[in-house]
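Peer 1: Got a structure here, written out as structure tokens. Questions coming.
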Amino acid sequence: MKDSLTTGMSSERTITTTPDMGIVHLGPDAPQMYSTPAMVQLMEGTCVEFLTPHMDAGEQTVGFHIDVRHMAPTPIGQKVTGKISLDEIKGRRLKFTVEAYNEDGTKIGEGIHERAVVSIDRFAGKE
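Under the numbering used here, think of the first position of the sequence shown as 31, with each following residue one higher.
Shown next as structure tokens:
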């Protein structure tokens with residue numbers, strides 16, 4: 031992990047929701063709404079995208095904890111923005127505040143996400 035990574039850093043990513051991000055797993059009569067798993071994927075993906083330039087060669091991060099509330103519905107087709115802030119660095123462990131907002135500015139999710147910096151080869155069992 032490079033020294034460029036410091037607490038207080040933040041990032042965001044905006045996506046347009048698509049039908050595969052909806053609650054289709056609830057059946058054909060389910061309304062076309064953004065699902066909790068898709069929101070978590072956005073939050074985690076925003077962290078990964080943010081962290082990648084701060085990793086040394088041969089490193090990546092893996093998630094080991096997530097605690098998120100999905101607070102409001104969002105119709106499929108709307109834009110959703112994931113916002114993350116790095117709150118804590120303890121050795122190789124990183125703790126983020128994560129939030130998601132729909133295009134109306136409504137906060138639809140919030141929580142914490144923790145990741146660990148690992149050796150890619152060691153994680154893959156090659157060491």
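Where a beta carbon is used, it is the ideal one built from N, C-alpha and C, also for glycine.
If you're wondering where the values come from, they're calculated on a predicted model, not measured in any experiment.
Can you check DSSP and say which residues form a bridge with Leu124?
Peer 2: Start at 1 with the first residue of the sequence shown, and residue 124 comes out as number 94. Paired residue(s): Ile119 and Arg145.
Peer 1: How would you write the range of the alpha helix (DSSP H) that Gln71 sits in, first residue to last?
Peer 2: For this step, residue 71 is matched to residue 41 along the sequence shown. Note, Gln71: alpha helix (DSSP H), Thr66 to Leu81.
Peer 1: Would you say the beta carbon of Arg43 is closer than 6 Å to some non-hydrogen atom of the ligand NAD?
Peer 2: Inclusion of the ligand NAD in the displayed structure is not the case, the ligand content being empty and no account of it being possible.
Peer 1: For Thr76, count neighbouring C-beta atoms within 10 Å of its own C-beta (all shown protein chains included) and say buried if the count is 16 or more, exposed if not.
Peer 2: Here residue 76 is taken as the residue at index 46 of the sequence shown, counted from 1. Thr76 is buried by the Cβ-count criterion.
Peer 1: Closest to His84 by CA distance: which of Asp33, Ser41 and Ser149 is it?
Peer 2: On the sequence shown, position 54 is the one that residue 84 refers to. Checked all of Asp33, Ser41 and Ser149; the closest Cα to His84 is Asp33.
Peer 1: Is it buried or exposed, Ser40, if we count other Cβ atoms within 10 angstroms and call 16 or more buried?
Peer 2: Sequence index remark: in the sequence shown, residue 40 carries index 10 (1-based). Counting Cβ neighbours within 10 Å, Ser40 comes out exposed, since fewer than 16 surround it.
Peer 1: Looking at the secondary structure, which residues open and close the alpha helix (DSSP H) in which Asp97 lies?
Peer 2: Residue 97 sits at position 67 when you count from the first residue of the sequence shown. Where Asp97 is concerned, there is no enclosing alpha helix (DSSP H), although the beta strand (DSSP E) it sits in stretches over Glu89 to His100.
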